[in-house]
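Residue numbers for the sequence shown follow this note's numbering, beginning at 3 and rising by one. All remarks here apply to the structure that follows.
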Amino acid sequence: MITIYHNPRCSKSREALTLLQDIASRSQFEVTVVEYLKTPLTLEQLSSLQRLLGCTAAEMVRSNEEEYAALQLTQADEAGLLHALASHPKLLQRPIVVRDSRGVIARPPERVRELF
């Protein structure tokens with residue numbers, strides 16, 4: 003199974019989803035779409051996702067969003083950033099794609115190919 007943490011308003015997220023659906027149709031994989039703005043991830047889910055991605059919390063955060071500056075996250079530690087992501091899902095990088103026990107932040111969208 004493949005899961006994409008998706009924002010339908012984001013062009014990169016839409017591109018990644020289209021690419022995934024194409025791969026899935028040829029390989030008979032099921033794609034689960036999680037619109038994380040409608041269904042925000044919990045702190046536990048974010049921590050798990052961070053481990054899967056093998057990255058820092060800072061790499062999961064969209065530092066160009068207004069909320070990032072408003073919350074003064076420049077000096078936040080890992081826990082602070084994860085809490086900010088749980089409270090403000092708009093800050094989550096997108097798209098994030100997970101397949102089994104591996105994941106990628108699909109920027110650019112072609113990075114989803116790394117999972118196949």
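Note that beta-carbon positions come from the ideal geometry of N, C-alpha and C, so glycine has one too.
Round the Cβ separation of residue i and residue j to the nearest angstrom and send it over; I've been treating them as touching at under 8 Å.
i	j	result
His8	Arg96	7 Å
Met62	Leu87	6 Å
Leu94	Arg64	7 Å
Classify residue i as buried or exposed, calling it buried when 16 or more other Cβ atoms lie within 10 Å of its own Cβ.
i	result
Leu83	buried
Gly56	exposed
Ser15	buried
For residue i and chain C, any beta-carbon pair shorter than 9 Å?
i	result
Gly82	The structure shown contains no chain C; it is built from a single protein chain.
Within the continuous beta strand (DSSP E) that includes residue i, where are the two ends?
i	result
Thr44	Taken as a continuous stretch (DSSP letters only), Thr44 belongs to no beta strand (DSSP E), as it is neither H nor E.
Gly56	Counting along the chain, Gly56 falls outside any beta strand (DSSP E), and DSSP gives it neither H nor E.
With C-beta atoms as the reference, is residue i less than 9 Å away from residue j?
i	j	result
Val33	Leu22	yes
Ala18	Ala108	yes
Lys92	Leu39	yes
His90	Leu117	no
Just to confirm the assignment, what range does the alpha helix (DSSP H) spanning residue i have?
i	result
Thr20	Ser13 to Ser29
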